[in-house]
Amino acid sequence: MEGGRGGYVRVQIIFSLGSLLKELLTFILAMLPISELRGAIPYGVYNNLPFTKVLVISIVGNLIPVIPFYFLLDRILLFLNRFKYGKRFSQWLVSHTLKRSKMIEVYEMLGLIIFIGIPLPMTGAWTGTIASVLLKLRPRYYFPGVVCGVLLAAFIVSLVVIFFHSSFL
């Protein structure tokens, strides 16, 4: 015999899995170099996830990959330089990043915070990390800079998303 509480439990499980999938996608978007939290926060909010959960998932997801990337980038570039197209890509990446990172070079940690925190294309935590490594920014400036920059970006993106989300309700 079907019905009763068993049907309700199945529906709850399906809704929970749907929510978990949206949270996972929000986390993955935050980890990716192209979208970072600039894509993750709008995705989570527009998929009706709780705002504080979206914020935490996005910030953590944005920070998790860039911290080890800071220590591994030199090795990654050396590895890429062993291959024709890898070398071409790494040269493009280095020149492209250095063109955009004058603020970090001059102001170090404050420059990194502003560079990461102002949500413009190609100025997120990944590019800020690459610039920090190329400019040999010390970890004592890099770590607080990247965390504060990500928090600033999350704040700005959240304000924009809340404004647009509430104006379309």
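The working numbering numbers the first residue of the sequence shown as 1 and each following residue consecutively.
Using N, Cα and C, we set each Cβ at its ideal position, and we do this for glycine too.
Candidates the options: closest to residue i by CA position
i: L120; options: Y8, K53 and I34; result: I34
i: A125; options: F164, P42 and F143; result: F143
i: I130; options: W92, Y70 and L25; result: Y70
i: A40; options: T97, F163, V157 and I13; result: V157
i: G145; options: W92, I104, L134 and N48; result: I104
i: G44; options: V66, V161 and R75; result: V161
i: P50; options: K22, I67 and L29; result: K22
i: A154; options: L134, V56 and S166; result: V56
i: M205; options: S90, T127 and W92; result: Because the chain in this structure spans residues 1 to 169, residue 205 falls outside the shown range and cannot be described.
i: K99; options: R75, G149 and L134; result: L134
Residue environment, residue i, which counts as buried when at least 16 other CB atoms sit within 10 Å
i: Y8; result: exposed
i: N62; result: buried
i: I113; result: buried
i: T97; result: buried
i: I116; result: buried
i: T52; result: exposed
i: P139; result: exposed
i: I59; result: buried
i: V106; result: exposed
i: L77; result: buried
i: L10; result: The amino acid occupying residue 10 in the given sequence is Arg; Leu does not appear at that position. Classification for R10: exposed.
i: P68; result: exposed
Self-check item: Contained beta strand (DSSP E) runs [length at least 3] in the stretch 86–122, N- to C-terminal order
Solution: none
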